[in-house]
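Residues are numbered in this note's numbering as their position in the sequence shown, beginning at 1, plus a constant of 1055.
Cβ coordinates follow ideal geometry from the N, Cα and C atoms, glycine included.
Source: prediction; values computed, not measured.
See below for the structure under consideration.
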Amino acid sequence: MSTVKCVGILTSGGDAPGMNAAIRAVTRSAIYNGIQVKGIYRGYKGLITGEIQEFKTQNVSNIIQRGGTILKTARCMEFKTPEGRKQAYDKLLEENVDALIVIGGDGTLTGARIFAKEFNYPIVGLPGTIDNDLYGTDITIGYDTALNTIMECVDKIRDTATSHDRLFFIEVMGRDAGFLALNGAIASGAEAAIIPETSLEKDQLAEMIENGFRKSKNSSIVLVAESEITGGAIGIAERTKKEYPQFDVRVTILGHLQRGGSPSAQDRILATRMGVAAIDALLDDQRNVMIGIQNDQIIYVPFAKAIKNDKPINRELLNTLRVSSI
Ligand code: F6P
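As C-alpha cells, then:
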C-alpha cells in the first residue's frame, strides 16, 4: 500500500497541447484517491524557488481544451547542478510533498531520473512533447495535435505551390527526430520527407529528384525535419537552388505555431489516461517510471530505458510515403 499523501505536479521543457488535460487528470485522480495535490509553477525552476500552490478540483476546471500549460514551463539550468537539486529537495520536504509527477520530454525525464536517484525520491513521468521521441511509448502527449497543425498548414501552402508551380521546403519541429516530418508528409500528401534518421544513409534530396518526382506534377512539397543532420529547410533549399536551378524554390519554417492550439481528441484522451495511470502507478508503489502506451495498453517504462534509447522510426512509413507520392 502506498504511503503517498501529497503529490506535486509540474510541466517542464517545451509546452505541448494536452499538458493541461494531463494536469487535470492527475489532480482529479489524486483527489479521488484521497491524495492532496500541489501545483508547481514553471517546472523545476518553480520547485527551486517554491512557486507552489495547493490544487483542488476547481483549479483544473475548464482547461482540458486549452493548449499550453496552466502551470507554465521553463528550461531550468539550476536543476542541472547538485546545489539546485538540493534546494528543490528541501522545498519538497518543506511543502510535505511525498512524490512528484513530471510532464515533459527528454530533458524533463533526464532531470527526474537524476533527482530520483540522488534523493531516493519517488517520481512518475508523463511523456509530454510534440516530438514523439521518447522510447517505450507509441505516442507522446501533443504529437497528434502538432501533426494535425502541420497538415492544415501544408494544405494551405499547397494552394500557392500549385498556383505558382513551385517547390516548397517546409521545415517542421522534432529536434533530432523525424516523426513529425514523416507522418506530416504522409498526412498532407507531400512528395517527400527529409529526416535525420535516414540522412546519413543516403542523399534524400538527390534520391527524390532522381526518382523523377516531377514526372506527373508541376509543384511539390517536401517536409524537412529541423536538425543539424538534415541541414534544415534553408540548407536544403540553398543546395537545391545551386544544383537544380530549374526549380522555383521557396521555404516555410512552421516554427512554434506547431506547439500551440487546442489539443485534439486523441491528445485529450491520451493525456487523461496517462494522468490517471500516473496516480495508479504511485498507488501501486511504482517508482521512477514513465507512463507509456503500447498497442493501446498503458505500460510503465523505467526512466533509464525511455531516455537512453533512441526511438526508431517505423521504416514501413518510408515506403508508404514513397509509393503514395508518385
Ligand atoms: O521539444 C519540443 C521542441 O518544440 C522541439 O521540437 C524544438 O526543437 C524545441 O522544442 C524548441 O525549443 P524552444 O521552444 O525552447 O526554442
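- Task: Could you name the residues of the same chain whose beta carbon sits closer than 8 Å to that of residue 1312, not counting the 5 residues immediately before and after it, in chain order?
- Result: Here the question's residue 1312 lines up with position 257 in the sequence shown. Taken in chain order, the residues that qualify are 1204 and 1208.
- Proximity to residue 1229 [Cα-Cα], best of 1309, 1057 and 1352: The count along the sequence shown starts at 1 and reaches residue 1229 at position 174. The candidate whose alpha carbon is nearest that of residue 1229 is 1309.
- With a threshold of 16 other CB atoms inside 10 Å of the CB of residue 1370, please say whether the residue is buried or exposed. Reading the sequence shown from its first residue, position 315 is the one you call residue 1370. Result: exposed.
- Task: Select from 1220, 1196, 1381 and 1214 the residue whose C-alpha is nearest the C-alpha of residue 1263.
- Result: Within the sequence shown, the letter at position 208 stands for residue 1263. It is 1381.
- Rounded to whole angstroms, what's the CA-CA distance from residue 1086 to residue 1334? Just pull it up for me. Working through the sequence shown from its first residue, we reach residue 1086 at position 31. Working through the sequence shown from its first residue, we reach residue 1334 at position 279. Using only the alpha carbons, I get a separation of about 10 Å.
- Query: DSSP on residue 1124, reduced to helix/strand/coil?
  - Reply: Sequence index remark: in the sequence shown, residue 1124 carries index 69 (1-based). In this structure, residue 1124 counts as coil in the three-state DSSP scheme.
- Kindly indicate which three-state DSSP category residue 1133 falls into: helix, strand or coil? Position 78 of the sequence shown, counted from the start, is the residue given in the question as residue 1133. Looking at residue 1133 - three-state DSSP - the assignment turns out to be helix.
- contact_flag[the region 1212-1230, the region 1348-1358] where n(CB pairs < 8 Å) is 3 or more: no
- Host alpha helix (DSSP H) of residue 1202 (start-end): As a first step, residue 1202 must be located in the sequence shown, where it is residue number 147. Unbroken alpha helix (DSSP H) run through residue 1202: 1198-1219.
- Query: Does the Cβ-Cβ distance between residue 1196 and residue 1359 come in under 8 Å?
  - Reply: Position 141 of the sequence shown holds residue 1196. Position 304 of the sequence shown holds residue 1359. Against a cut-off of 8 Å, the Cβ pair of residue 1359 and residue 1196 comes out as no contact.
- Query: Do residue 1100 and residue 1061 have their CB atoms nearer than 8 Å?
  - Reply: Taking the first residue of the sequence shown as 1, we reach residue 1100 at position 45. Taking the first residue of the sequence shown as 1, we reach residue 1061 at position 6. Not closer than 8 Å, so no.
- Which listed residue (1223, 1064, 1224 and 1249) has its alpha carbon closest to that of residue 1234: Counting from 1 along the sequence shown, the entry for residue 1234 is found at position 179. Per the Cα distances, 1249.
- Message: Let me confirm a value: residue 1379 is counted as buried when at least 16 other C-beta atoms fall within 10 Å, else exposed. Which label applies?
- Response: As a position in the sequence shown, residue 1379 is number 324, starting the count at 1. Classification for residue 1379: exposed.
- Contact the region 1179-1198 vs the region 1107-1119: 3+ CB pairs below 8 Å: no
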